[in-house]
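To start, the structure under review is shown below, and the notes come after it.
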Amino acid sequence: MSYKYVTLEKNNRIAIVRFDRGHEMNALSVDLMKELLEVARSFEGDTETNAIILTGNGKNFTAGFDLKDAALKERMDAGMMDKREMLRVGPRMCQAWEDLEPMTIAAIDGYCIGGGVALSVALDMRIASKGAQFYVPEIKNGMNMSWQSVPRMVNLMGPARTKQISIIADIVPATDALSWGLIEEISQTESAFDLALECAQKIAERPPLPVRMIKQGANVAAKALNHATSYMDIDQYALATESDDYAEGIRAFIDKRPPEFKGR
Numbered sequence: 654m655s656y657k658y659v660t661l662e663k664n665n666r667i668a669i670v671r672f673d674r675g676h677e678m679n680a681l682s683v684d685l686m687k688e689l690l691e692v693a694r695s696f697e698g699d700t701e702t703n704a705i706i707l708t709g710n711g712k713n714f715t716a717g718f719d720l721k722d723a724a725l726k727e728r729m730d731a732g733m734m735d736k737r738e739m740l741r742v743g744p745r746m747c748q749a750w751e752d753l754e755p756m757t758i759a760a761i762d763g764y765c766i767g768g769g770v771a772l773s774v775a776l777d778m779r780i781a782s783k784g785a786q787f788y789v790p791e792i793k794n795g796m797n798m799s800w801q802s803v804p805r806m807v808n809l810m811g812p813a814r815t816k817q818i819s820i821i822a823d824i825v826p827a828t829d830a831l832s833w834g835l836i837e838e839i840s841q842t843e844s845a846f847d848l849a850l851e852c853a854q855k856i857a858e859r860p861p862l863p864v865r866m867i868k869q870g871a872n873v874a875a876k877a878l879n880h881a882t883s884y885m886d887i888d889q890y891a892l893a894t895e896s897d898d899y900a901e902g903i904r905a906f907i908d909k910r911p912p913e914f915k916g917r
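Per our numbering: the sequence shown = residues 654 to 917.
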């Protein structure tokens with residue numbers, strides 16, 4: 654299958670998935686997220702692949718959801734039932750990547766923002782370049798952090814750091830992300846890919862069945878309650894987007910000024 658924004662290579666039990674919007678910041682459009690969902694689902698029934706690397710355009714992993722995507726206006730004008738369905742593309746994409754049986758590795762360069770963080774924490778491992786930066790600005794735009802990513806971040810960092818990155822919402826450099834537990838390794842170069850590939854090659858050398866068994870066991874142990882504690886975040890997000898604060902957050906983002914929230 655061919656894609657507009659995504660390329661897929663397979664070799665020696667390793668698959669490499671690259672996504673590129675054609676813009677430096679590599680923001681996530683709805684069409685790109687649908688492609689990433691389809692790519693993840695394409696591995697169903699694949700008994701050959703042991704490790705999958707997911708990476709961006711080489712400059713940035715992704716700047717998160719594109720607030721200038723035409724789909725955003727369509728979503729805002731939709732009724733609640735249709736809006737709720739439109740909002741499912743992000744969490745479905747993340748869930749599809751989390752459900753993969755091979756080991757998954759995010760190779761993160763540059764900015765990893767918002768939806769990029771949500772996608773990366775759905776994978777098994779995160780390897781970042783030394784210049785990578787992590788940022789969860791949703792709250793500054795009047796939104797909650799959704800896509801069922803909060804429990805995944807708690808699994809990695811604990812509740813306090815999850816609140817810090819999502820509520821205080823400062824940019825987190827790779828060194829802090831490593832100490833917090835958000836990522837597992839930092840490459841000493843400007844690219845995370847070579848280190849991710851080195852890790853994937855080690856996984857590819859392991860017997861495939863135990864790799865999948867160990868991954869499944871670890872995920873069940875760590876994430877058994879994740880869905881139970883986050884199933885409602887689509888509805889929370891939909892509610893947030895009906896607020897005056899959300900409209901103000903989006904206007905402020907577009908105007909490049911600080912928002913003035915009023916709790917309405």
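C-beta atoms are modelled at their ideal positions from N, C-alpha and C, and glycine is treated no differently.
9 angstroms or more divides the Cβ of Ala-785 from the Cβ of Ile-821. In the three-state reduction of the DSSP assignment, Val-789 falls in the coil class.
Gly-743 places its beta carbon less than 9 angstroms from that of Gly-768.
For Thr-882, the number of other beta carbons within 10 angstroms of its own is below 16, and it is reported as exposed. Taking all protein chains in view, the Cβ of Ser-832 is surrounded by fewer than 16 other Cβ atoms within 10 Å, so the residue is classified as exposed. As DSSP reads the structure, Lys-663 sits in a beta bridge with Ala-668. At a cut-off of 3 residues, the continuous stretches assigned as beta strand (DSSP E) that sit fully inside the region 764-822 are 764-766, 778-782 and 786-788. In summary, Glu-791 is buried, with 16 or more beta-carbon neighbours lying within 10 Å of its beta-carbon over all protein chains present.
Selection Leu-776, Lys-793 and Pro-863 evaluated against Lys-915 yields Lys-793 as nearest (Cα-Cα).
Distance from the CA of Ser-802 to the CA of Glu-858, rounded to the nearest whole angstrom, comes to 31 angstroms.
The Cβ-Cβ distance between Tyr-890 and Leu-740 falls below 9 angstroms.
Within the same chain, Cβ atoms closer than 7 angstroms to the Cβ of Leu-809 are found at Val-774, Gly-834 and Leu-835, the five residues on either side in sequence being excluded. Counting along the chain, Thr-882 sits inside the alpha helix (DSSP H) bounded by residues 879-883.
Annotation: the continuous alpha helix (DSSP H) that includes Ala-749 extends over 742-751. Rounded to whole angstroms, the separation of the alpha carbons of Gly-795 and Ala-900 is 8 angstroms. Taking C-beta separations shorter than 8 angstroms and ignoring five residues to either side along the sequence, the partners of Ser-819 in its chain run Val-789, Glu-791, Ile-792, Met-798, Val-803 and Met-806, following chain order.
Closest by C-alpha distance to Pro-861, out of Asp-699, Met-654 and Ala-827, is Asp-699. Cβ neighbours of Ile-669 within its own chain (closer than 7 angstroms, five residues either side excluded): Glu-662 and Ile-706.
Closest in alpha carbon position to Met-678, among Met-729, Thr-715 and Tyr-656, is Thr-715. At a Cβ-Cβ threshold of 9 angstroms, Met-778 and Glu-701 do not count as neighbours. DSSP places Leu-685 within a helical segment (H, G or I) once states are collapsed to three. Rounded to the nearest whole angstrom, the C-alpha separation of Ser-896 and Pro-911 is 17 angstroms.
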